[in-house]
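Taking it in order: structure first as structure tokens, then the write-up.
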Amino acid sequence: MKIYTKMGDEGKTSLVNSSKIEKSDIRLDVYGTSDELNSCIGIVIAKLKKINFENDVLEFLFDIQKKMFDFGSLLACDKKDWVKYNLSLIENEHINKIESMIDELESKNSKINFFILPGGSEEAAYLHLVRTVCRRLERNLVHFYNLKKEETCFELLVYINRLSDYFFVLARYVNQSLGISEEAWH
1364 MKIYTKMGDE GKTSLVNSSK IEKSDIRLDV YGTSDELNSC IGIVIAKLKK
1414 INFENDVLEF LFDIQKKMFD FGSLLACDKK DWVKYNLSLI ENEHINKIES
1464 MIDELESKNS KINFFILPGG SEEAAYLHLV RTVCRRLERN LVHFYNLKKE
1514 ETCFELLVYI NRLSDYFFVL ARYVNQSLGI SEEAWH
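If you're matching positions, the sequence shown starts at 1364 in the numbering used here and goes up one per residue.
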């Protein structure tokens, strides 16, 4: 099987139900941004592996990558068709897992009452980049739901919102674990 199909050469692509849409459609912008986020998470995983960072963090990041593929497939069709195509959903249990990971890391982080500059270690800097791509994905998702007037999936919005919080807390945790102090913004 060849990697290229030539099906998208005219600026259109197929959704899960085989319907064609323009590649400029907001739906593609949303799941394209989720793909970008997933790739950025892959960079973070590679960076953290290189320094032998904590295995449970790496495993959770791998789980997030898998969920991002689920996220993209959910957006590649209408919500009413999710069951028909047997898609893996993003549900409250996934949101709860992120929240528990945030709480766990946050309990280990030093307390702050100021804004910090993104950066510190290279790994944390990449995590801040991941966080901002995640925030863009969230904005695109809200725009998609507003523009398309499709049934909003509250769990998708909450999942992406919590995910960006997780990346912020993880960036702080990585810096702290590496003994790198954060720069306050004044």
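Every residue, glycine too, gets a C-beta built ideally from N, C-alpha and C.
Taking the alpha carbon of residue i as the reference point, which residue from the options has its own alpha carbon closest?
i	options	result
K1386	H1549, D1398 and D1372	D1372
A1547	R1499, G1405 and L1480	L1480
V1407	A1534, I1475 and Q1539	A1534
L1421	K1430, I1404 and F1434	I1404
V1521	W1445, K1442, N1459 and K1365	N1459
N1380	W1445, V1393, I1461 and K1369	W1445
A1488	M1431, Q1539 and F1434	Q1539
If you draw a straight line from the alpha carbon of residue i to that of residue j, how long is it in whole angstroms?
i	j	result
E1486	S1402	15 Å
T1396	S1382	21 Å
D1388	S1527	24 Å
I1384	L1450	20 Å
E1399	S1473	30 Å
M1370	S1377	8 Å
R1498	I1523	8 Å
Y1536	I1543	10 Å
M1364	Y1448	23 Å
Between which two residues does the alpha helix (DSSP H) harbouring residue i extend?
i	result
K1429	N1418 to L1438
I1458	N1455 to K1471
K1383	Unbroken run through K1383 is the beta strand (DSSP E), K1383 to E1385; no alpha helix (DSSP H).
I1414	It is not in any alpha helix (DSSP H) - I1414 carries neither H nor E in the DSSP assignment.
Terminal residues of the continuous beta strand (DSSP E) containing residue i?
i	result
T1376	K1375 to S1377
Are residue i and residue j close, meaning C-beta to C-beta below 9 Å?
i	j	result
L1519	I1453	yes
L1438	L1424	no
I1461	Y1529	yes
### Query
In chain order, which alpha helix (DSSP H) runs of at least 4 residues are fully inside the region 1470-1548?
1485-1511 and 1517-1540, all fully within the region 1470-1548.
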